Each structure stands twice: as structure tokens, then as C-alpha cells.
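One structure is given here, and the rest of the page talks about it.
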Amino acid sequence: MGELPFAENLGVIHASIDFIMNHSDELKNADFRTRAIHVGNQIDPATGAVVPPIHLASTFRQPGAGQWGEFDYSRSGNPTRRNLETTVASLEGGCGALAFSSGMAAIHCVTMLLRSGDHVVAGCDLYGGAYRLLHKICDRSGIEVTLVDITDPAAVESAITDKTRLIWAETIGNPRLSIPNLGKLSEVAKANNCLIGVDNTFGTPALIRPLESGIDIVMHSATKYLGGHSDCLGGTLAVSDQALYDQLYYIQNATGAVLDPLSCFLISRGLKTLDLRVREQSATALRLSQWLQTHPRVKSVLYPGLASHPQHALAAEILSGGFGAMVTFELDADKEQTAKVCEATQLFHLAVSLGAVESLIEQPATMSHASYDAADREKFGITDGLIRLSVGLESFDDLKQDLSQAIG
């Protein structure tokens with residue numbers, strides 16, 4: 001294109017843009033991997049760049065006093081953030097998505113739909129930060145929380161009261177990797193006039209798309225698999241109902257927990273390889289979990305791809321392309337001995353977070369779930385011997401060797 005005269009160059013660029021816009025319906029029906037690359041990443045009309053520019057502007061010139069363009073102030077909307085939100089909405093199958101400054105900011109936005117006196121039913125296999133928000137922050141507003149076994153729809157229904165307004169679950173629980181039946185939970189929620197939201201961070205839209213099962217709100221810590229490279233912080237919400245989207249957007253705009261343009265760009269870039277990464281990581285995770293089952297020091301292994309997992313049959317039915325890249329196992333060891341194993345790995349970095357190209361290891365009882373009350377950690381099986389792995393893209397043989405030398 002560089003050899004063409006300027007006017008013809010612009011004509012080719014405009015023709016390319018017109019092709020993408022005129023074939024939007026085809027993109028909607030394209031495969032997941034294709035949409036991850038193209039939806040929300042249209043050619044830049046000013047330059048023809050195949051990667052959209054990062055818009056760092058905090059404010060935008062308006063056509064006139066009291067007349068508003070598409071963007072006015074970056075808290076309310078930003079072109080780079082809109083691109084990311086467009087991609088996420090497409091991958092989750094929603095009418096819209098919102099990008100937040102962190103995953104916790106996204107969950108907090110959901111809880112701000114509630115009022116004092118409302119009640120939440122949440123899964124007991126729950127990220128420690130979500131536990132802290134529900135029990136230590138939302139309670140200040142008079143919101144009550146009941147934790148239940150989210151894999152048991154009858155237990156969820158039994159916990160619902162006339163004040164219940166929200167059911168909160170995780171597609172793959174953290175840290176014990178429980179798998180709820182989203183379709184049945186959705187039925188319970190609708191029968192009781194409740195919203196139902198799920199954290200799909202562990203599952204990712206590459207493996208499961210909860211909106212297709214009737215879930216109202218899908219949340220991601222985009223820091224994890226969506227970004228995929230441990231270099232940005234963010235969160236997203238996706239919904240299929242326009243009225244609900246409008247409510248969440250109003251809350252986000254009023255409270256201001258929006259994602260910065262650079263992080264939006266990095267997460268958009270990460271999404272282009274999401275499907276490839278998650279499938280490869282899942283395959284390695286399965287092999288590691290199978291090997292860990294044979295280790296004499298390992299008491300148990302929790303991985304949805306194993307026949308021994310309590311919800312293996314359900315996982316095989318609802319997850320596509322793999323069983324996820326998180327593996328949890330329990331050592332026959334106390335807190336100090338377990339900590340030493342976590343500290344002895346070389347390829348597995350001792351760190352919280354997950355979902356990136358490098359593998360991570362952590363002890364939930366002292367790290368990701370330390371915010372749980374001690375009694376709840378014991379009650380919900382977060383033992384001192386529990387270890388959580390986030391399997392990256394290193395070779396299986398190298399990761400196996402690293403764990404073998406660390407466990408001893």
C-alpha cells in the first residue's frame with residue numbers, strides 16, 4: 001500500500017474498513033479464535049494500522065456546548081477501552097461488556113446493585129478476595145451473605161430467603177476446583193427472582209460461556225488468562241441484557257473504577273492468543289494432575305479432568321477444549337512443610353495470581369485465601385497442606401521435574 005498515491009492509499013484503507021463493517025454479521029458467526037483476533041480490533045481509519053492505537057486522552061473536544069460526541073471524558077468512555085469491551089462481549093456472547101481497574105472492582109460493581117438488607121448466596125469454594133469483599137465490606141452496608149456448596153442446587157435453593165437478590169458462583173471454584181451446574185443454578189435464580197453472577201476467571205470463555213446457560217453476569221479477573229502475561233491489572237463484566245448493562249454502566253461511571261488505556265491494550269493483545277494458550281495449558285495441567293496422583297507424598301489431587309473429581313462427568317459435559325489450567329493437590333504435610341515445597345520450586349514461581357504464560361505455585365491457606373476466617377478455611381477444606389498450581393506454557397517434562405525435586 002505504501003507505493004500507492006496518497007488518495008488511492010486512503011481508498012484501499014477505506015475499502016478495508018468498509019469490508020469489516022459490512023461483514024459484521026459474518027464476524028459474529030465466526031469461530032471463537034477468529035473473533036478474538038478481529039472483533040474490537042478493526043483497522044484504524046486514520047492510518048490503516050492493523051493494530052488500533054492506544055488512546056491516552058483523558059478528555060475529548062465536543063462539537064458544541066451541550067452537544068456530545070461519542071466520547072467526552074475517559075471515565076465515561078474511551079476508544080481503547082471500548083475496543084476491549086467489544087471483544088469481551090463477543091467472546092462471552094453478550095450484548096455488552098465493561099472493563100474495570102481490577103477483578104475486585106468488577107465484583108464490587110455487581111454488589112452495588114444491592115441495597116441494605118439484601119442477601120447474597122455464594123459458593124464456599126470462593127476466591128479469598130471475593131470472600132473478603134462480601135464478609136468484610138458489604139456487611140458494612142447491611143448486606144448479608146450465606147456460603148453454600150454451590151455444586152448442590154438444592155442447597156442453594158434452601159439458603160435463599162425472601163431477601164436474597166444475588167447468587168454468586170465460580171465456573172471452576174477457587175481453590176478446590178469445584179464445578180457447579182450453571183443451567184440448574186440459573187433455573188433456581190429465576191424461580192426466586194434473583195440475579196446470578198459467576199466468576200469465569202478459571203474457566204475463561206475459551207472453555208465455557210456462562211451466558212449461554214442463562215447466567216446474568218459473567219465476571220473475569222482480566223489480569224489472569226485474558227491478559228495472560230502477568231503485566232497488567234484489570235477486570236471485566238459481560239451481560240446479555242441491555243437494561244442490566246445500563247445499570248452496571250451507570251454504577252461504573254458514577255464510581256469511576258475504569259481500566260486505563262494501556263492495560264486495555266495489553267489485555268486486547270492477550271485475547272488474541274487466549275484460545276491457543278488455554279488449550280495448551282489445560283493439556284499440560286491434565287498430564288501433571290495424572291502424574292501427581294501417583295506421587296507417594298500427595299494425599300489427593302483436585303482437577304476436573306480426572307475421573308476422581310466429584311464433578312468430572314459434568315465438567316466433561318460443559319467444558320470444551322480442556323479442563324482448565326489450574327491444579328490443586330494436598331500434601332501429607334503441615335503448614336511449614338508445605339510452605340517449604342512451594343519455596344523450593346524453580347520454574348514454578350511462588351506467587352499469587354494465575355493464568356499467565358509462566359507457571360505459579362502458592363499455598364492458599366497462607367496466601368490467596370488468607371483473608372478467610374480460620375474457621376471457614378477449616379470448614380471448606382482449605383487445609384495447610386493444600387497447594388494450588390497455575391500451569392503455564394513451559395514443557396510438561398520440565399514442570400514435572402521441578403515439582404518432583406521440590407516435593408522430594
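Residue numbers (UniProt numbering): 1 to 408.
We put the beta carbon where it would ideally sit given N, CA and C, even for glycine.
Here the structure is a predicted model, which means the values were calculated and not measured.
With 16 as the cutoff for other CB atoms within 10 Å, does THR59 come out buried or exposed? Label assigned to THR59: exposed.
Here's the rule I'm using: 16 or more other beta-carbon atoms within 10 Å means buried, otherwise exposed. How should ASN78 be labelled? A buried status is given to ASN78, since no fewer than 16 other beta-carbon atoms sit within 10 Å of its beta-carbon.
Can you list, in chain order, the residues of its chain whose CB lies under 6 angstroms from that of GLY94, leaving out five sequence neighbours each side? Here the set comprises LEU211, ALA238, VAL239 and SER240.
At which residues does the beta strand (DSSP E) containing ALA238 begin and terminate? Segment 235–239, the beta strand (DSSP E) holding ALA238.
Sub-7 angstroms separation of PRO175 and THR328 beta-carbons: Their beta carbons are under 7 angstroms apart, which means PRO175 touches THR328 by this criterion.
Does the stretch 245–261 come close enough to the stretch 28–36 that 3 or more CB-CB pairs lie under 8 angstroms? No: the two stretches stay apart, fewer than three of their Cβ pairs being nearer than 8 angstroms.
How about GLY385 and ALA333: are their beta carbons less than 7 angstroms apart? Yes.
Anticipated Cβ contact below 8 angstroms, GLY173 with ASP125, distance rounded: The Cβ separation is near 3 angstroms, so the contact holds.
What residue range does the beta strand (DSSP E) around ILE167 cover? Start and end: 164–170.
So, is GLN405 buried or exposed, given that buried needs 16 or more other C-beta atoms within 10 angstroms? Result: exposed.
In the DSSP assignment, find the unbroken beta strand (DSSP E) run with residue 464 in it and report its ends. This structure does not reach residue 464, given that the chain is present from 1 up to 408, and the question cannot be answered.
Cβ atoms of GLY322 and SER359: under 7 angstroms apart, would you say? Not a contact, by the Cβ cut-off of 7 angstroms.
Member of LEU166, GLU157 and SER178 whose CA lies at the smallest distance from the CA of LYS184: Per the Cα distances, GLU157.
Taking the alpha carbon of VAL341 as the point to measure from, which residue in LEU319, VAL298, LEU302 and CYS194 has its own alpha carbon closest? With distances taken between Cα atoms, VAL341 lies closest to VAL298.
Status (buried if at least 16 other CB within 10 Å, exposed otherwise) for GLN363: Buried, because 16 or more other Cβ atoms sit within 10 Å of the Cβ of GLN363.
Rounded Cβ spacing between ALA206 and GLY103 (contact assumed at less than 8 angstroms): Wrong, their Cβ atoms sit about 17 angstroms apart, outside the cutoff.
Whole-angstrom Cβ separation of ALA36 and THR87, contact assumed at under 8 angstroms? Cβ atoms of ALA36 and THR87 come within 8 angstroms of each other, at about 7 angstroms.
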